[in-house]
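In the numbering used here, the protein residues as written are 326 to 726.
#1: How would you call residue 573, buried or exposed, if buried means at least 16 neighbouring beta carbons within 10 angstroms?
#2: Taking the Cβ atom as the reference point for each residue, do residue 584 and residue 430 lie within a distance shorter than 9 angstroms?
#3: What is the rounded straight-line gap between the Cα of residue 683 and the Cα of residue 706?
#4: Alpha carbons only, please: which of 650, 520, 545, 529 is nearest the one belonging to residue 511?
#5: With three or more C-beta pairs closer than 8 angstroms as the rule, is the segment 620-630 touching the segment 473-486?
#6: Under 6 angstroms Cβ to Cβ from residue 372, same chain only, skipping five residues before and after it: list those, please.
#7: Could you check if residue 346 is buried or exposed, using at least 16 other CB atoms within 10 Å of its CB as the buried criterion?
#8: Output needed for residue 463: all residues of its chain with C-beta closer than 6 angstroms, excluding positions within five of it in sequence on either side, in chain order.
#9: Compute the distance between the beta-carbons of residue 597 and residue 587, then report whether it is under 9 angstroms.
#10: Does the distance from the CB of residue 439 to the CB of residue 468 come in under 9 angstroms?
#11: State the Cα-Cα distance for the pair residue 579 and residue 532, rounded to the nearest angstrom.
#12: How big is the Cα-Cα spacing for residue 483 and residue 653?
#13: Output yes or no for whether 9 angstroms exceeds the beta carbon distance between residue 441 and residue 540.
#14: Output the boundary residues of the beta strand (DSSP E) element that contains residue 570.
#15: Going straight from the alpha carbon of residue 562 to that of residue 530, what length do you get?
#16: Can you name the residues that DSSP bridges to residue 541?
#17: Anyone know if the C-beta pair for residue 448 and residue 471 falls short of 9 angstroms?
#18: Just to confirm the assignment, what range does the beta strand (DSSP E) spanning residue 454 have?
#19: Rounded to whole angstroms, what is the Cα-Cα separation between residue 444 and residue 607?
#20: If you run the structure through DSSP and keep just helix, strand and coil, what is residue 398?
#21: Can you name, in chain order, every residue of its own chain whose Cβ lies under 7 angstroms from the Cβ of residue 433, other than the five neighbours on each side?
#22: Would you give the residue range spanned by the beta strand (DSSP E) that residue 698 belongs to?
#23: Whole-angstrom Cβ separation of residue 676 and residue 364, contact assumed at under 8 angstroms?
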């Protein structure tokens, strides 16, 4: 019989999120064998609680603020005082010169990316992404009938292949997305990479005769290790727009709170900001959650427990390397990118399930032949998982005493 749901959504259902499917599978497995016997590395769900200061801020706000104000509507861009606090915090940390005008509070980074896309994309426009990348970018671009164009990485370092970027840019290119520290690899695009990228984009803007926006997707900005510094990418390239989320830095993914930054240097910045604010309303977000806006404004210098993630990172990396697996050493975020010992990584993922290990296939990130492990889990899970990985390594003949 005729299908009455939209053709767009029919297509979307076919390609529905592999990561979410793994998450459901993990829950089903846990019901069968017990949660503690499942090594579920599927979802980037923070493993450390939100800082105590955040819960305190929420209690204080609820107790001390007029509820009509606290739970009421505000500007579609968010509370002016919250946006000013965010601007001043960024200025202090990164030497920028923002005011509340440059900040729009959003429903997480996902809401932020969608309102940016709605503002800049026309049907048929292209958005360049660096594989491996967060697969939802494709869905977000499709929301506005734009196409995602994948640029392969340098497979030694998993830095973007900048020569390939240069070739990929054409008249249809409207934006390039960078996500550093990166999901799924955990690599950081360092200063040198960003400077070269900026040079290429500036040259290409002149060639094609219109702006190319660099969209920096930064949910992992604060999650850096090994003495790496947090970076803010607006200094490298004029037409940079930033999307940020507090989901990972404050362990709040379910609260859906973040912001977008449009620097004054961006071409027609005022129009872009107005467009983003209108999109916040017309896409149906209306505004970012009011209580959470006020709460995060009081906690802009708080940070989740990075030491916890760092211990997992080291334990998992060293453990897997010892077993003969090849991993890209992560410098940030909470993901391990592992080369599949089977050329078809789906077979490797299936083999892991025999030992209750749940991994996400690399092709979900536009990069087959690898798997992603989200190590935002308990220390015990990592420790016990390594015993299961040892059996998996033996199956593949990797493990030699």
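Cβ atoms here follow ideal geometry from the backbone N, Cα and C, with glycine treated the same way.
The answer reads as follows:
#1: As a position in the chain shown, residue 573 is number 248, starting the count at 1. The residue in question, residue 573, is buried, as its Cβ has 16 or more Cβ neighbours within 10 Å.
#2: The residue given as residue 584 occupies position 259 in the chain shown. The residue given as residue 430 occupies position 105 in the chain shown. Result yes, Cβ atoms of residue 584 and residue 430 sit closer than 9 angstroms.
#3: Working through the chain shown from its first residue, we reach residue 683 at position 358. Working through the chain shown from its first residue, we reach residue 706 at position 381. Computed Cα separation, rounded: 12 angstroms.
#4: Within the chain shown, numbered from 1, the residue matching residue 511 stands at position 186. The residue with the shortest Cα to Cα distance from residue 511 is 545.
#5: no
#6: Along the chain shown, read from residue 1 onward, the residue named residue 372 stands at position 47. Around residue 372: 701, 702.
#7: Looking up residue 346 in the chain shown gives position 21. In the assembly as shown, residue 346 is an exposed residue. Its beta-carbon has fewer than 16 other beta-carbons within 10 Å.
#8: For the purposes of this step, residue 463 is identified with residue 138 of the chain shown, where counting begins at 1. Leaving aside the five residues that flank residue 463 on each side, the residues in its chain whose CB is nearer than 6 angstroms to its CB run, in chain order, 473.
#9: Numbered from 1 along the chain shown, position 272 holds the residue referred to as residue 597. Numbered from 1 along the chain shown, position 262 holds the residue referred to as residue 587. Here residue 597 is near residue 587, since their CB atoms are less than 9 angstroms apart.
#10: Here residue 439 corresponds to residue number 114 of the chain shown, with the count starting at 1. Here residue 468 corresponds to residue number 143 of the chain shown, with the count starting at 1. Yes, the pair counts as a contact, with Cβ atoms nearer than the cut-off.
#11: Translated into positions along the chain shown, residue 579 becomes position 254. Translated into positions along the chain shown, residue 532 becomes position 207. Cα to Cα, residue 579 sits roughly 43 angstroms from residue 532.
#12: Here the question's residue 483 lines up with position 158 in the chain shown. Here the question's residue 653 lines up with position 328 in the chain shown. Rounded to the nearest angstrom, the two C-alpha atoms are 8 angstroms apart.
#13: Numbered from its first residue, the chain shown carries residue 441 at position 116. Numbered from its first residue, the chain shown carries residue 540 at position 215. Cβ atoms of residue 441 and residue 540: closer than 9 angstroms.
#14: For this step, residue 570 is matched to residue 245 along the chain shown. It spans 565-570 - the beta strand (DSSP E) in which residue 570 sits, taken as one unbroken run.
#15: Counting from one through the chain shown, the residue named residue 562 turns up at place 237. Counting from one through the chain shown, the residue named residue 530 turns up at place 205. Whole-angstrom Cα-Cα distance: 12 angstroms.
#16: Numbered from 1 along the chain shown, position 216 holds the residue referred to as residue 541. Looking at the DSSP assignment, residue 541 forms a beta bridge with 503, 567.
#17: Translated into the one-based positions of the chain shown, residue 448 becomes position 123. Translated into the one-based positions of the chain shown, residue 471 becomes position 146. Yes. Within cutoff.
#18: Within the chain shown, the letter at position 129 stands for residue 454. It spans 451-455 - the beta strand (DSSP E) in which residue 454 sits, taken as one unbroken run.
#19: In the chain shown, residue 444 corresponds to position 119, counting from 1. In the chain shown, residue 607 corresponds to position 282, counting from 1. For residue 444 and residue 607, the distance between alpha carbons rounds to 11 angstroms.
#20: Locating residue 398 in the chain shown gives position 73, counting from the first residue. Residue 398: coil per DSSP, three-state reduction.
#21: Locating residue 433 in the chain shown gives position 108, where the first residue counts as 1. So the qualifying residues of the chain are 570, 572, 581, 582, 583.
#22: Taking the first residue of the chain shown as 1, we reach residue 698 at position 373. Residue 698 -> beta strand (DSSP E) spans 695-699.
#23: The count along the chain shown starts at 1 and reaches residue 676 at position 351. The count along the chain shown starts at 1 and reaches residue 364 at position 39. At roughly 13 angstroms, the Cβ-Cβ gap does not stay under 8 angstroms, so residue 676 and residue 364 are not in contact.
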